[in-house]
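Those protein sequences? They're chains Z and H, same order as listed. Its first residue numbered 1, the first sequence is counted upward by one per residue in this note's numbering. Its first residue numbered 1, the second sequence is counted upward by one per residue in this note's numbering. The beta-carbon is built from N, C-alpha and C at its ideal position, and this holds for glycine as well.
Number of protein chains: 2
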Amino acid sequence: MKYKAYGCPIRYGLGVFGDKWSLLIIRDLMFKGRRYYGEFLTAGENISTSVLAARLENLEARGIISKANDADHGKRIIYSLTEKGLGLIHVMLAMMDWSEKYDEHTEVPKSFIDALRDNRSDLIDEIYSSLKRSRP
Amino acid sequence: MKYKAYGCPIRYGLGVFGDKWSLLIIRDLMFKGRRYYGEFLTAGENISTSVLAARLENLEARGIISKANDADHGKRIIYSLTEKGLGLIHVMLAMMDWSEKYDEHTEVPKSFIDALRDNRSDLIDEIYSSLKRSRP
DNA sequence: CTGTATCCTTAGGGATACTG
DNA sequence: CAGTATCCCTAAGGATACAG
Chain Z
1 MKYKAYGCPI RYGLGVFGDK WSLLIIRDLM FKGRRYYGEF LTAGENISTS
51 VLAARLENLE ARGIISKAND ADHGKRIIYS LTEKGLGLIH VMLAMMDWSE
101 KYDEHTEVPK SFIDALRDNR SDLIDEIYSS LKRSRP
Chain H
1 MKYKAYGCPI RYGLGVFGDK WSLLIIRDLM FKGRRYYGEF LTAGENISTS
51 VLAARLENLE ARGIISKAND ADHGKRIIYS LTEKGLGLIH VMLAMMDWSE
101 KYDEHTEVPK SFIDALRDNR SDLIDEIYSS LKRSRP
């Protein structure tokens, strides 16, 4: 995961989330409403606790996610996407759109596809805003 | 690079190009006009020949790129993006847009940014078409 | 020029036990 | 519950030689 990131936007992206797990964690935060350590652990993809901790630390260090204390549940820690992390929605939606087109086993909510295929920006903004509102 | 790809579009994408080199090769094909084995090798990122061969083989197997004999130069082999590979342009542009916004060292051609920020679809279609025309 | 074939190295990831 | 701390392991990647 050490790329010389300077100058090339693709390399930069790879340097931030170009590993085996980061995009899956971001997906969970962005589309599946997962916010707790344990929720990532048991998300069904079988990430090990040591790796999860490392990925979360890296994503936080790079400004993609942030930690906060969950006011409702004592000392429970709640993760959320930062503005920068939320900005990856376009990358995520583009991947989803592409996969939906080429992988027969993939199904993506129709509203996402519509947002991408037709009148991109306004529908994406809508999804984006709703994600933003759902942040703690 | 072995992910259980079924069902999730993000996992599927990661399974296809979620390694250290694939997106860089795709970038070279898509935006830098590189088409020959040697051009990828000396692209300045220092990929080793064994790894390059493996990546190219994988990308071809997954339908992202295709090989053809270069009519002009005897047995020289020319690589190009398939329709499926070209379809990744939205992912690439989204990454470039995002990096341009958050990485101070990244600079992306203004036409790309414009295509993404304002009137997405038509300008993207234009870029897309020109890439398509430039295929062998 | 476009690759194979080898061999080697290592970082990333997996398993598990443990802690406040 | 939310992580550390270890230890281990292997697949991916790097170096180099060579072949058609």
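Item: Contact list for S99(Z) against chain H, beta-carbon separation under 7 Å; Value: P9, Y12 and G13
Item: In DSSP terms, what I78(Z) is bridged to; Value: A68(Z)
Item: is_contact[T106(H), chain Z] using C-beta, thresh 9 Å; Value: yes
Item: Per-residue DSSP class, three states only, for W98(H); Value: helix
Item: Run of the alpha helix (DSSP H) containing K84(Z), from where it starts to where it stops; Value: E83 to L86
Item: Extent of the continuous alpha helix (DSSP H) run through Y6(Z); Value: Careful: Y6(Z) lies outside any alpha helix (DSSP H) and carries neither H nor E.
Item: Length of the line joining the Cα atoms of S111(Z) and Y79(Z); Value: 26 Å
Item: C-alpha gap between D114(H) and L123(H), whole angstroms; Value: 8 Å
Item: R35(H) CB to nearest heavy atom of the ligand SAM below 8 Å; Value: No copy of the ligand SAM appears in this structure; indeed no ligand is present at all.
Item: L52(Z) beta carbon less than 9 Å from that of W21(Z); Value: yes
Item: Delimiting residues of the alpha helix (DSSP H) encompassing K110(Z); Value: K110 to R117
Item: Residues near R76(Z) by beta carbon distance below 8 Å, same chain, minus five either side; Value: Y36, N69 and D70
Item: Residue interval of the alpha helix (DSSP H) (run including T49(Z)); Value: T49 to A61
Item: Three-way DSSP call (helix, strand, coil) for H105(H) in this model; Value: coil
Item: Assigned secondary structure, D125(Z) (DSSP; H/G/I helix, E/B strand, else coil); Value: helix
Item: Rounded straight-line distance, which links the Cα of I47(H) to that of M1(Z); Value: Only weak support is given to the placement of M1(Z): the predicted model assigns it a pLDDT of 45, under 50, and the question is left unresolved by the model.
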